[in-house]
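Engineer: Before I ask anything, let me first share the structure, which is written out below as structure tokens.
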Amino acid sequence: MKSSSRLFYAITVFLVIMTVIYVLATKFINDNGYISGIEWAGSAGLLLGALMTLMLGVYLHITERHSDVLPMDWEEAEQVDGSGEFGFFSPNSIWPFAMTCGIAVLGYGVVFLAYWMIGIGAVITVWATVKLNLQYGTPVEKH
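According to the working numbering, the sequence shown is numbered sequentially starting from -13.
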């Protein structure tokens, strides 16, 4: 965990330096374009990226203080020490495919600006999501 927070702090420092360079470059370097001055979209994007990595670094730093030593911080740790539960995955469920089809229809509706297709895709996606979440809530006899 220590290495994770340090990594995010390093990325934050890099992004802050790049933000300063970007702001200075767009302000003082004239490329004979129509708009002169600071380019705000890139500056805001770099600054927000720096703030987000700082937020993740602080979160990892705080959680590292409150947790025990993790296997990735041991020098003698084995691969098995860091593995946890994988959870339960349904091997023969059709609902992830139905959700994919609904998202595809929704995406095509957005691309072609067809509101009826967006509605159908949203309904299929919500319906498949509900069915995926409730598929083990019903008895096997009712499937």
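Think of the CB as a built atom: it goes at the ideal place given N, C-alpha and C, for glycine as much as any other residue.
Quick one: give me the first and last residue of the alpha helix (DSSP H) that M103 is part of.
Structural biologist: 101 to 120
Engineer: What is the C-beta distance between I104 and V96, in whole angstroms, given that I count them as a contact (C-beta under 8 Å)?
Structural biologist: 6 Å
Engineer: Would the segment 10 to 18 count as touching the segment 33 to 49 if we require 3 or more Cβ pairs under 8 Å?
Structural biologist: Fewer than three beta-carbon pairs drawn from the segment 10 to 18 and the segment 33 to 49 are found closer than 8 Å, and the two stretches are therefore not classed as touching.
Engineer: Of the residues C87, L120, T5, which one's Cα is nearest the Cα of G107?
Structural biologist: C87
Engineer: Hey, out of F74, F75, L56, whose CA is closest to V66's CA?
Structural biologist: L56
Engineer: Rounded to a whole number of angstroms, what is the C-alpha to C-alpha distance between G123 and W60?
Structural biologist: 42 Å
Engineer: Rounded to whole angstroms, what's the CA-CA distance from T111 to I80? Just pull it up for me.
Structural biologist: Using only the alpha carbons, I get a separation of about 13 Å.
Engineer: Is it right to say L92 is buried, meaning 16 or more other beta carbons lie within 10 angstroms of its own, or is it exposed?
Structural biologist: buried
Engineer: Let me confirm a value: A36 is counted as buried when at least 16 other C-beta atoms fall within 10 Å, else exposed. Which label applies?
Structural biologist: Classification for A36: buried.
Engineer: So, under 8 Å CB-CB, T5 and L32 are touching, yes? Tell me the CB distance rounded to an integer number of Å.
Structural biologist: 4 Å
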